[in-house]
Structure formats: structure tokens, C-alpha cells
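Protein sequence lines correspond, in order, to chains Z and G.
Here this note's numbering is used: position 89 in the first sequence is 109, and no number is missing along the way.
Here this note's numbering is used: position 104 in the second sequence is 107, and no number is missing along the way.
No residue lacks a Cβ here, since even glycine has one placed at the ideal position from N, Cα and C.
Note that this is a predicted model, so its numbers are computed, not measured.
Below is one structure, written out as C-alpha cells; comments come after it.
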Amino acid sequence: MATVSLQKLVKRYGALEIVHGIDLEVADREFIALVGPSGCGKSTTLRMIAGLEPISGGNLKIGGRIVNDLPPRARNISMVFQSYALYPHMTVRENMGFSLKIAGMKSEEIAPRVEEAARTLDLTHLLDRRPSQLSGGQRQRVAMGRAIVRNPDVFLFDEPLSNLDAKLRTQLRTEIKKLHAKVQSTVIYVTHDQVEAMTLADRIVIMRDGHIEQVGTPEEVFQRPASKFVAGFIGSPPMNLKDAEIADGRVVFVNGDSLPLPRRFADRVTAGRKVTFGLRPDDLYPAGHGIHSGQEADVHKADLRVSITEPLGNETLVFSEHGGAEWVGRMLNPRRLRAGETLPFCFDLSQAHLFDRETGRTLRG
Amino acid sequence: MNENAKARLAGNLLSLAHKLGLFIAMAIICLPGLWIVLASFRPTVEIMAKPPVWIPQDLSLDAYVAMFSGVGQGGIPVIDYFSNSLIVSITSTVISLAIGMAGGYAFARFRFRAKSSIFLGLMLTRTVPGIALSLPLFFVYSKLGIIDTHFGLILAYVALNVPFTIWLIDGFFRQVPKDLAEAAQIDGCTRWQAFWQVEFPLAGPGIASAGIFAFLTSWNEFALASQLTRSINSKTLPVGLLDYTAEFTIDWRGMCALAVVMIIPALVLTFIVQKHLVSGLTSGAVKG
Ligand SMILES: Nc1ncnc2c1ncn2[C@@H]1O[C@H](COP(=O)(O)OP(=O)(O)OP(=O)(O)O)[C@@H](O)[C@H]1O
Ligand SMILES: [Mg+2]
Chain Z
21 MATVSLQKLV
31 KRYGALEIVH
41 GIDLEVADRE
51 FIALVGPSGC
61 GKSTTLRMIA
71 GLEPISGGNL
81 KIGGRIVNDL
91 PPRARNISMV
101 FQSYALYPHM
111 TVRENMGFSL
121 KIAGMKSEEI
131 APRVEEAART
141 LDLTHLLDRR
151 PSQLSGGQRQ
161 RVAMGRAIVR
171 NPDVFLFDEP
181 LSNLDAKLRT
191 QLRTEIKKLH
201 AKVQSTVIYV
211 THDQVEAMTL
221 ADRIVIMRDG
231 HIEQVGTPEE
241 VFQRPASKFV
251 AGFIGSPPMN
261 LKDAEIADGR
271 VVFVNGDSLP
281 LPRRFADRVT
291 AGRKVTFGLR
301 PDDLYPAGHG
311 IHSGQEADVH
321 KADLRVSITE
331 PLGNETLVFS
341 EHGGAEWVGR
351 MLNPRRLRAG
361 ETLPFCFDLS
371 QAHLFDRETG
381 RTLRG
Chain G
4 MNENAKARLA
14 GNLLSLAHKL
24 GLFIAMAIIC
34 LPGLWIVLAS
44 FRPTVEIMAK
54 PPVWIPQDLS
64 LDAYVAMFSG
74 VGQGGIPVID
84 YFSNSLIVSI
94 TSTVISLAIG
104 MAGGYAFARF
114 RFRAKSSIFL
124 GLMLTRTVPG
134 IALSLPLFFV
144 YSKLGIIDTH
154 FGLILAYVAL
164 NVPFTIWLID
174 GFFRQVPKDL
184 AEAAQIDGCT
194 RWQAFWQVEF
204 PLAGPGIASA
214 GIFAFLTSWN
224 EFALASQLTR
234 SINSKTLPVG
244 LLDYTAEFTI
254 DWRGMCALAV
264 VMIIPALVLT
274 FIVQKHLVSG
284 LTSGAVKG
């Protein structure tokens, strides 16, 4: 069990800087998810922690000890690769026991630990197969089994579920969560699936272009996104983000339509400020079909014309026109809607966000 | 006749035609070999007969008996030649494989300056025909005093084989996903252990093929060996064949018998190693 701390960690390939000095403190036994768009440096960061990629600058501490220049084997970490990276010439049993064998353990000591891990992951009946004889999900589990037999201080996962189909992904997600509850190790989990991050992590780290945009609990990053980027990245369907300008206590969109300035921001912005207005689909709903009744303070009502709908069974996503742009709202307890129908909508402005248009940072302060 | 029966008949005819075609091709390929084996058992009159005698009349082991009966009684120092061949071929194969593995791994895994030019350069060395090298090599070797030594031949064969072994082994290491060596390092291996525990076994078939190739090249090589060897100190079997030629006569039967003696170890080796040539070992390493 160990803490991991990244201090001004930098990665350069020649003159090209990929990771620009990131700081992160991971507590003991914490589950951290690293999310961000493709190419933002998640894998690179993880590989630096693993010791597979030399660190160009800053410090990396595991359990309080600086490990910058130690090889992977001296860091007591284990890693699950996106490709699983199982050894094809070994059986599942040998794959899982490999690290113990390398550590010089006797086969009588290895066997019980492998079997124990196999039981945890429901792999007992597959122990004598080779990786080529397993399905994708089974390979995934073997890769996890190989990681847990060793009782490492830190688990590193690099998009472990991204090669699986949606259903299996959900199932294995739950298994990873159970596994973490059981083994109680520190976990750093890279994914670009925000649902995985939200459901698994204690804290989420959102990365963009080699910087950390925000670190916070799933609730924090969802409810109080620090930037426009985070707001758009977390949540599905993504937050409605529309460029606007402040004038006369109103938020005026590019085509002249406007909404009242959310009260929370009344004394934070001055007229003429260029902003991006953000509202989650949950906070834009046909009257009577929202999470809230629509009678709360700071709810703005407006009639909107429905352009298309996406019924999902228990709810319907409603796309409609406002301020010269398309907004998506969420309709609970849906009824059948016709395209072109005009409905009274509630904008729950108490949940609205304003971001500076230039910097993208939140204006909440 | 309905369509299905027709299609089945056409299919059968086609497969028959395939088999016939293959048989003819195989017969053409195998006939010379068979002819050599046959010729080693029959008297010269029968070998030289025109039109050829297809069904042997009178088979005997005379040529083999003579070959092993020592110099002076129509024999040649076949044991010496054989052991020279073996020493030279095995040693040069082992060395070429070692260099080929190191070089192939480097080309497959590392990035360094002028990599592709170096690679191309290695391949270009193979475009020079061996015979063109034999005279310059002869001069250099005689100045160095390594004519007619095992060392000299081994050196020449290693140089001949290394570009090929590097090229072949490089291809096989490329097929082993990089993730595997990294996973092994995470599992506690050093780079060196990761190589021997994971990458080497997976590239095994390639290394075995490179080994067969290098061995056969050295075993069968004639052009260089004929210049660089003199005596039973280092003469190899292919050069030994020349012992059967006199000024005006050629002992075809003896030559064929020696050729058979040469072919046998090569065949045996190929059979032993081909078991290990199972490819597709890396399947299942990554993804689904
Ligand atoms: N060897 C390399 N040389 C130069 N640039 C590299 C190298 N490896 C990676 N990069 C660059 O580093 C950046 C970050 O790569 P990284 O693999 O960390 O992205 P990622 O966040 O894991 O993306 P994904 O979600 O697609 O896996 C990318 O822009 C990539 O092009
Ligand atoms: Mg990645």
C-alpha cells in the first residue's frame, strides 16, 4: 500500500514536450481515474509511473520514495495493459505465476496464490489453457489476475476494458470495483470512458494536452467543472455550451435571444463580458418532466420548438432550438413528442455555469 | 444431372488435376536427388548408358565400401572431410545466430541513427556473388596465414550468413508485441530476463529457420571453400567431391555416394528443427 506523488512531472520526446509538469497527490488506497481525449498524455503519464518511459523532469514518488530512475521491477507496481499482453507461450497458470517465479518463489508457494487469485476472478477452470484459447473478457481477467497475485503497492490500468463490447465492459467494471474493495491497493486507472471514471474512481483527473484541467471527486467534476473543457467532457449527453455576452443583467446569445443572468453570477460578471453559458441536459426539461418540479427559484420558462427526439425508454432526449443553436434537454417520464411541437421548457438557471470565453475557466470563483 | 452433382463432379475433376499437376512438379524436383542416390549404387556403365537405364540391374554398396576403405584403396579421407564440415558449419551457424539475434533484436526494437541505411547496407553485401569474393579473400587469407584453417572458413561463412540471419530474425522479433517485454519487466524481469523468458521463446521459430538456413549455406558452400582449403586440415565435403575427379576420368559412382553422405545430415537436421518451426505462437498475446 502506498501513496503516489507526481511533482512537476515532465515528458519530452526530443524537443517535443508531451506532458507539461503535472502535479498530483494520490492517497494510499485511493482509486484515481485519469481521463482525457485521445493523445492528451494519459498513457505516457501512466508509463512514467510504471517505469516504462524515462522521466524527463520533475519527481515521482511512490510510498514517499523517489523512484524516478528505478526500473519497473524495483517499484512494486503492476500494470494491466490495454492489449492485455499475456504471454502466449504460457498457460494461464504460468502467466499468473510468472512474477512470483521471477521473484524466486518456489512452486509450492506460487500454486496457492495463483489459485486464490483465480478463485477471486472466477478463472479456476481456465488455468491450464493458453491465452489464444480464451475469449476477450477471459483474457482481460487473466491480465488482472496476473496483476493481483503479487500484492503490488500500486495498480496501473491502461484502458483495460476498451477492447471489450459494451455489456462485458459494464460487467468487468463492477468486477474491478469489487476487486479494489477487496485488495485495497492504490489504483491509477486510465480511461477515456467517462462513465468508467465516474463509477469507479474516488477522484478523477481530467487531462488535456499534457496538462491537468481539474482533479476532483466525480460529484465535484460533474457539478463544479473548473473549465469549459471539463464541463463538455464529463456528462452524457454533454453539457449545452453556448457562446454569449452579458448585457443588462441578461445572457445574450449570438442571434440576440437571451436568458436571464443566473442569480449566482449576478455580482460576478459585468456587462460586456464575453462568456460561454453552460447548462446540463438534466437542467433543461419540458415543464413537469424534470428532476425538479420547475417551481424553484431561478427557473426560467420559455417555449421551445422540438426538432428531434431520442427516446431511451425511461427518458427522452429532446433537441430544440434556442438562441440560434441546438440545445439538448432531458425529459423524464416521457410522453410521445412530435417533431415540430412547441413545448414550455424550464431552464434551471440555479444549475447553470458561466465560463470565460477566452480562458475557458469557470466564473464561479 | 442436377446442378449440385455437376458442381461436385467439376470439383472432383479440379482436385484430381491439382494432384496430378503437383505430382509432376514434385517428380521433376525430386528426380535429380533420386538419380544421385540410385547412381551411387550402380556401376559406371549403367550410369553412363544411353539411353538411360531406368530399372537398375545390378545394385551394390561398392562405392560406400571403397569410400571408407582409406586412401590408396580408392577411398578418400571422408571422415576428416565430414568432421571439418561439421565443425565449420556448426560453429559458423552458432556464431551467425548469436550475432543475428543481437542485430535482429536491435533493428526490431531500437531506434538509432541511419538505421535503414545500415540495414540496406547489410542486405547489399549479399548481392556480391561468393565466387567474386574468393580471389580477394584468397589473397587476404594467405597474407594472414589463415588459408586452410577452420578459423578462416568459419570467418568467411559467418560474414556470409550474418546479413541473412539479422534480416530474418528482425522480422520475427517485430512480430512479438512490445507490450510483452514491458509486461515482463513489470512482472519483475530485467531487460535481459524479459528477453530470454518472453521474446526469445516467441521468436524461436524464426531463430530456428535462420539456423537451418545458415547451417545449410555453410554445409553446401563450394566456391569459397575450394579456394580457401588445401588439405584434410580443413577441406569440407563439397570440396572433397573433387577428389573423385582425376585428370581424364570422373568416378561418378563415388561422387554420388559422397553426395548422399552429404545430404543425410542436412536432411536429418531439417527434420529435427522443423518441429520447432510452428508459427503462430504469438496468437492470443494481444486483444481478442
Ligand atoms: N515515442 C514517441 N515520440 C513522439 N511522440 C510520442 C511518442 N509516444 C507518444 N507520443 C505522443 O505523445 C502524446 C500522448 O500520447 P499518449 O499515448 O500518452 O496519449 P493517450 O492520452 O494515452 O491517448 P489514447 O487515449 O489515444 O491512448 C501523443 O500526442 C503522441 O503522439
Ligand atoms: Mg493511451
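task: Taking only the alpha-carbon atoms, compute the straight-line gap between T285(G) and T336(Z) and give it to the nearest angstrom.
output: In this predicted model, T285(G) has a pLDDT of only 46, less than 50, meaning its place in the structure is not dependable; the value taken from the coordinates is given anyway. Take the alpha-carbon of T285(G) and the one of T336(Z): they are about 47 Å apart.
- prompt: Cβ of Y33(Z) less than 8 Å from any chain G Cβ?
  reply: No, its Cβ sits nowhere closer than 8 Å to a Cβ of chain G.
query: In chain order, what residues of the same chain lie with their CB nearer than 6 Å to the CB of T329(Z), ignoring the 5 residues before and after it?
result: T336, V338 and L357
message: At a cut-off of 7 Å, would you count V86(G) as near ligand 1, judging by its Cβ distance to the nearest heavy atom?
response: Note that residue 86(G) corresponds to Ser in the displayed sequence, not to Val. Answer for S86(G): no, Cβ out of range of ligand 1.
- prompt: Under a Cβ-count criterion, where at least 16 other Cβ atoms within 10 Å of its own Cβ denotes burial, should E179(Z) be classed as buried or exposed?
  reply: Buried, since its Cβ has 16 or more Cβ neighbours within 10 Å.
Bridge-paired residues (DSSP) for V228(Z): Reading the sequence as shown, one finds Arg at residue 228(Z) and not Val. The partner list for R228(Z) (beta bridge, DSSP) reads H231(Z).
task: Tell me, please, which residues DSSP counts as bridged to Y209(Z).
output: A53(Z) and F177(Z)
- prompt: The alpha helix (DSSP H) spanning L171(G) covers which residue range?
  reply: H153 to Q178
- request: Would you identify the three-state DSSP class for M29(G), choosing helix, strand or coil?
  value: helix
- prompt: If you draw a straight line from the alpha carbon of A291(Z) to that of K187(Z), how long is it in whole angstroms?
  reply: 49 Å
query: If you drop the 5 nearest sequence neighbours on each side, which residues of the same chain put their C-beta closer than 6 Å to that of K294(Z)?
result: E265 and R377
- prompt: Are the stretch 115-135 of chain Z and the stretch 205-220 of chain G touching by the rule of at least three beta carbon pairs closer than 8 Å?
  reply: no
- prompt: So, helix, strand or coil for T140(Z), using DSSP?
  reply: helix
field: Segment limits, alpha helix (DSSP H) that includes Y104(Z)
entry: Where Y104(Z) is concerned, there is no enclosing alpha helix (DSSP H), given that its DSSP letter is neither H nor E.
task: Tell me, please, whether the CB atom of E185(G) is closer than 8 Å to any CB atom in chain Z?
output: Yes, E185(G) counts as interfacial toward chain Z.
7 Å Cβ cut-off: residues of chain Z touching V201(G): Y107
message: Taking 8 Å as the threshold (C-beta atoms), are A359(Z) and S327(Z) in contact?
response: Cβ distance < 8 Å, so S327(Z) and A359(Z) count as in contact.
- prompt: Looking only at C-alpha atoms, which of K278(G), V264(G) and E202(G) sits nearest to S43(G)?
  reply: V264(G)
message: At a threshold of 7 Å, does S247(Z) count as lining ligand 2 (C-beta to nearest heavy atom)?
response: no
- prompt: Which residues of chain G have a Cβ atom closer than 7 Å to the Cβ of F175(Z), listed in chain order?
  reply: What F175(Z) touches in chain G: nothing, since even the nearest Cβ is about 11 Å away.
- prompt: Ends of the beta strand (DSSP E) at F190(G)?
  reply: The question names Phe, but residue 190(G) in the sequence shown is Asp. No beta strand (DSSP E) holds D190(G); DSSP gives it neither H nor E.
message: For P151(Z) and R300(Z), what's the separation of their Cα atoms in angstroms?
response: Rounded to whole angstroms, the separation of the alpha carbons of R300(Z) and P151(Z) is 44 Å.
Beta strand (DSSP E) segment containing C366(Z), residue limits: T362 to D368
message: Check whether chain Z comes within 8 Å of V276(G), counting only Cβ atoms and requiring the distance to be less than that.
response: no
message: Any heavy atom of ligand 1 closer than 7 Å to the beta-carbon of G59(Z)?
response: yes
- request: Tell me whether Y33(Z) is buried or exposed, calling it buried when 16 or more other Cβ atoms sit within 10 Å of its Cβ.
  value: exposed
field: Any C-beta of chain C under 8 Å from that of S313(Z)
entry: Checking the listed chains, one finds no chain C in this structure; the protein chains it contains are Z and G.
message: Under DSSP, the beta strand (DSSP E) around N260(Z) begins and ends at which residues?
response: Per DSSP, N260(Z) belongs to the beta strand (DSSP E) from N260 to A267.
field: Proximal chain Z residues relative to L205(G), where beta-carbon distance stays under 9 Å
entry: Y107, P108 and H109
- prompt: Under the criterion of a Cβ to heavy atom distance below 7 Å, does Y107(Z) qualify as lining ligand 1?
  reply: no
task: Whole angstroms is fine: what's the gap from D254(G)'s alpha carbon to I32(G)'s?
output: 25 Å
task: Sort A123(Z), P172(Z), M110(Z) and R161(Z) by Cα distance to D148(Z) and report the nearest one.
output: For the residues A123(Z), P172(Z), M110(Z) and R161(Z), the minimum Cα distance to D148(Z) belongs to M110(Z).
query: Is it the case that the Cβ atoms of I215(G) and L156(G) are separated by a distance below 8 Å?
result: no
query: For the stretch 54-89 of chain Z, which segments carrying the alpha helix (DSSP H) assignment without a break, of at least 4 residues, lie completely within its bounds, in sequence order?
result: 62-70
- request: Note down, in chain order, all residues in the stretch 62-84 of chain Z with a beta-carbon under 7 Å from any beta-carbon belonging to chain G.
  value: A70 and L72
- prompt: At which residues does the beta strand (DSSP E) containing F113(G) begin and terminate?
  reply: Unbroken run through F113(G): none, as it is neither H nor E.
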